[in-house]
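Quick note: to get our numbering, add 113 to the position in the sequence shown (first position is 1).
Where is the CB? At the ideal position from N, CA and C, for every residue including glycine.
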Amino acid sequence: MNPPARCLRVALPVPLPRVFDYLPPPGLEVDEGWVGCRVRVGFGRRELVGLVEAVAVSGGVPSESLKPVLERIDAKPLLPEELLATLRWVSGYYHAPLGEVLATALPADLRQGAPLPDTGRFAWALSEAGATGLERLRRGARPRQLAERLQAGAIAEDTLELEATPWREAMRSLQQRGLVVRQALQAVPAMPLEPGGVTLNGEQATAAQAIVEGLGRFHPVLLEGVTGSGKTEVYLDAIRACLAQGRQALVLVPEIGLTPQTLQRFERGLGIRVHALHSNLADGERARTWTAMARGEAQVVVGTRSAIFSPLPRPGLIVVDEEHDASYKQQDGVRYSARDLALVRARALSVPVVLGSATPSLESLAQAGRGLYRHLGLSQRAGAGRAPPVRVLDVRKRRLESGLSGDMLDAIAACLARGEQALVFRNRRGYAPVLLCHDCGWSAECPRCDARMTVHGRGRQLICHHCGARRRPPTACPDCGSLGLQPQGAGTERIEDALAERFPEANLVRVDRESTRQRDGLSRQLQKLGDGAGILVGTQMLAKGHDLARLSLVCVVGIDEGLFSADFRAPERLAQLLIQVSGRAGRAEVPGEVLLQTHHPEHPLLATLLQGGYPAFARLALEERELAGFPPFAHLALLRADAAQEAALQGFLNAARTCLEGPARDAAGRPGGQRIGILGPLPAPMPRRAGRVRAQLLVSSPSRPALQACLAEAVPRLYDLPQSRKVRWSIDVDPVDLY
Ligand code: ADP
Ligand code: ZN
Ligand code: ZN
C-alpha cells in the first residue's frame, strides 16, 4: 500500500465543520505555493470553488481515494497571510466553517472563481456614431440625458458612481447601440483639497496626535465625542498622517450606501480618490475595489460591515465610526462583529484602531475603563454648533392628535414660522402598529407569527414586519362582527398625515424604509427637503450621518415602549438613539431644541440621561449589567433553532444541551476555568415566526476562554446529531440581541 498522500486541504462553502482533502491535478506537485489560492473542485455532483487552506498529509487515507482538483484558479495566493489567519480566527471564534467564512469575506465574483478584475480607472465617451446619432434616442429618457452630458467630454466611472443617480443601465443601452465607448484612464488625478480646510480645536488636535503617535503599532483608541464635536475631522487628520507614510486606511461606517455625503467629505478632506465598499455596489465594482486594495492601489476605503475583510498589504489605520451601531454585527450566516474584528486585525497588522462614537457601547467603555483602550474625549461641539437643550413634555392625561401633543404642534408651528426645519422622530414605520376592534378587543395578528400585523397604506393593508405576510384588513371584526375596527397608535405614515393636515403649506418629507426603498432614496428624500422651512418625519434612519444646517427642532414621540422592553440591551439602544437623534438639532448656526414626549417623565433612564448625559447613563447601566451578570461582565453564546414541529425543536435542543453539558463541566474544571451556565431550552421572545416554532439555549460564562473551549468541543457535534435534521439551527457568539 502507498504511504498516506500529501494533499491540498480545501475550504469549501458548505455547511459542514470541516475542510476537504484533494490532490493536485496529475503532474503537479503539492507545495506551499498552493496555500491561499482558489481551486475548482468536484464535490458530489456539483463543482465548487474553494480555497487551499493548507497542505497536509491526508489522515491515513491512501492517495488513490482522493480526487484531484479540477483547476487551479490563482497562480499566486489570493489572500495575504494575515487575512487568511484572521479568517481562520473568525472560523474558530464564531464556530463557523472556514469555507463559509471565506464565502462571507470575499466579494461575490471572486468567491465564484472569477479572475482578479482590471483595477485601472475607466471613463465613458461618445463613439463616432454617438457624436452624430443622438436624435434617435428618446428625448428626456435616461440614455439620452447621459449621452448629452458626454457631449461635453468623457466622464470617469468613479465620478458617475459618486453621483446619486444610477447610470450603468442607461450606459449599457447606449453601448449596445454603439453610441459610447469605454476608455482606460491613465493617471489618477488628485482632487482639489478642501478650500481652507478646518483648523482642529484643542481637543481635536490632542486626539489626532494621540492616534498618530500610535502609527506603526497596535494602539486601540476609544474616541468619545459628543454629536457634532468633529470626530470626522480627527479621522481625516490621522488618515492624512497615515497616507503621508504611504500606508492604507480602512474606515468602517454603519450605512454608506445611504450617504454619498460621507464619501464626498472624505474625498474633499483628503484630496484623493476614496473607494467605497457597500452592499449597493454592483458585484463587479466590489471585486474591483477589493482587488485595488489587495494591490495596494487603493489608499483609503470607506465601507460598511463586510469591508472589514479588505486586504491591507500596506496597513496604516483602521477607523470604526459609530462603533456602537448594531449593524456591525452580521445577523445571519457567519455572525461576526466587524467592530470586534477591527481590533483583531489591528493587532495582527500592528496598526492603531479608532473606535469613534458619541454614545460608545458599554463593551467598549468597559475595555477603556480597564485601561485596554486609550480613552479620548471631545466634549464640545466644533465650529458654530451648540448642543441643544432638551425639554420633556409630560403627556399624561393630555389629548394626543395622532400621537402628537398640542405643545409639540405649537413648537413645530413656531419653527416653521422662523423658516427653520423640524424633525419628528418615531421609530415605527407604517400607519399604525395595531388594528383593534373597539367592541371586543380583537386585534389583527399574523397567521404565521406570534405578532400583530401593522396597518399600512392609510388602513388599506396589513403587513407583518416579521415575515412580510400581507393581507387586506377585514371590513368587520372576525370575532364579533362589529364594524368598529380602528387603527390604534401612530406610525410614521399616520404622523405624516396628521402633520400634512395641520400644516398644509409645509414642505413635508417622510424618511423610513418604505419611502427610501430605491437606491439612494435617503439622499433623494433629503434633497426634497432643501434649505427652506420644512418638516422631516421618520424612523431611526434619521438618527445618524446627516448634517442639516436649518434643522433646529427635534421632536421625539412614542419611545415609551422602549423603556419597558425585556431585552437586556434595550436601555442602551434607547439611550443611544435618543442622544443620536437629539444630536441632529443645532449643528450649524441655528440654535436647536429637543422635545421629548413621554408618559413616563420620571423613568430612571430618562432622568439619568437628562441630568448627566450619556456618560451618567453608561455608568449606571454598567453597574446594572455587573449585578445581573450580563455582558460585558459575562460572555454569551446563543444557540437558536426553529422547526416545523415543536417535538423536533425540543428534541434537538435537549440533545444540544447534553452536548454542551460535558464540555461545560470540563472547561469549568480546568485550572483557572470558570463556571459555564446553560439556560434552556427556552422559547424565543417570538416563539413562532413565519410558521415555524423557535426556541433557544443561552450559554454564558464570566470567562471568554472557558466559553470558547466549551463551544469548540460541543458545536462540531451538533452537526452530527440525528435530531438536527428536522431543525434549522445557528450559533451566535456575542449576540447583540436575544431575539
Ligand atoms: P461628528 O462626526 O463628531 O458628529 P463632524 O465631524 O461631522 O462631527 O463635525 C460636525 C460639524 O462641525 C461639521 O460641519 C464639521 O465641518 C464642523 N467642524 C468640525 N471640526 C471643526 C473645526 N475644528 N472647526 C470648524 N468646524 C468644524
Ligand atoms: Zn370584535
Ligand atoms: Zn408574520
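With fewer than 16 other Cβ atoms inside 10 Å of its own Cβ, E739 counts as exposed. By the neighbour-count criterion, in which 16 or more other beta carbons inside 10 Å mark a residue as buried, C550 falls on the buried side. Excluding residues up to 5 positions away in sequence, C562, D563, A564, H579, R807 and Y852 lie with their Cβ nearer than 8 angstroms to the Cβ of M799 in the same chain. At least 8 angstroms separates the beta-carbon of Y544 from that of R584.
Between ligand 3 and A405, a heavy atom-to-CB distance of less than 7 angstroms is absent. Non-local beta-carbon contacts of P190 in its own chain, meaning distances under 7 angstroms to residues more than five positions away in sequence, involve V148, G149 and C150 in chain order. Comparing alpha-carbon positions, the option among G675, A216, G597 and P728 lying closest to G446 turns out to be A216.
Annotation for G705: P501, S665, A698 and G699 place their beta carbon closer than 6 angstroms to its own, counting only its chain and skipping 5 residues before and after. Nearest Cα to L719 within the set L454, L795 and L690: L690. The beta carbon of R561 sits closer than 7 angstroms to at least one heavy atom of ligand 3. Per DSSP, the unbroken alpha helix (DSSP H) holding Y206 starts and ends at E194 to Y206. In this structure, R682 is the residue among E160, L192, R682 and N767 with its C-alpha nearest to the C-alpha of S474. Counting along the chain, the unbroken alpha helix (DSSP H) around R281 starts and ends at R281 to Q289.
By alpha-carbon distance to E533, the top candidate from G643, G604 and E184 is G643.
Look at C823: its beta carbon is at least 7 angstroms from all of the heavy atoms in ligand 2. A400 and I385 have their C-alpha atoms spaced approximately 20 angstroms apart.
Around the beta-carbon of F538, 16 or more other beta-carbon atoms lie within 10 Å, marking it buried. Taking a 10 Å sphere around the C-beta of D523, we find fewer than 16 other C-beta atoms and assign the residue as exposed.
Inter-residue distance for A420 and A407 is about 12 angstroms (C-alpha atoms, whole angstroms).
In the three-state DSSP reduction, Y441 falls in the helix class (H, G or I). Between the segment 552-562 and the segment 778-797, the count of C-beta pairs closer than 8 angstroms stays below three; the two stretches do not touch. About 51 angstroms separates the beta carbons of V503 and L263, which is beyond the 8 angstroms limit, so they are not a contact pair. Inclusion of A495 in the 7 angstroms shell around ligand 1 follows from its C-beta lying nearer than that to a non-hydrogen atom of the ligand. Exclusion of the five residues before and after E759 leaves V806 as the residues of its chain whose Cβ lies within less than 6 angstroms of its Cβ. The three-state secondary structure of C577, taken from DSSP, is coil. Restricting attention to alpha helix (DSSP H) runs no shorter than 4 residues, the segment 677-750 encloses them at 683-695 and 717-741, ordered along the chain.
Membership of E337 in the beta strand (DSSP E) is indicated by the continuous run H332 to G338. Within the same chain, and ignoring the five residues on either side of S204 in sequence, the residues whose Cβ sits closer than 6 angstroms to its Cβ are L211 and V214. When DSSP states are grouped into helix, strand and coil, G572 belongs to the helix group. Annotated as proximal: V432 and L365, with beta-carbon spacing under 8 angstroms. Closest in alpha carbon position to L687, among P128, D660, L196 and A734, is A734. Placement of the Cβ of Q317 at a distance of less than 7 angstroms from at least one heavy atom of ligand 1 is found. Sixteen is the threshold: since fewer than 16 other Cβ atoms of the shown chains lie within 10 Å of the Cβ of K510, the residue is exposed. Contact annotation: the segment 236-248 touches the segment 286-300, with at least three C-beta pairs closer than 8 angstroms. Less than 8 angstroms separates the beta-carbon of L349 from that of G382.
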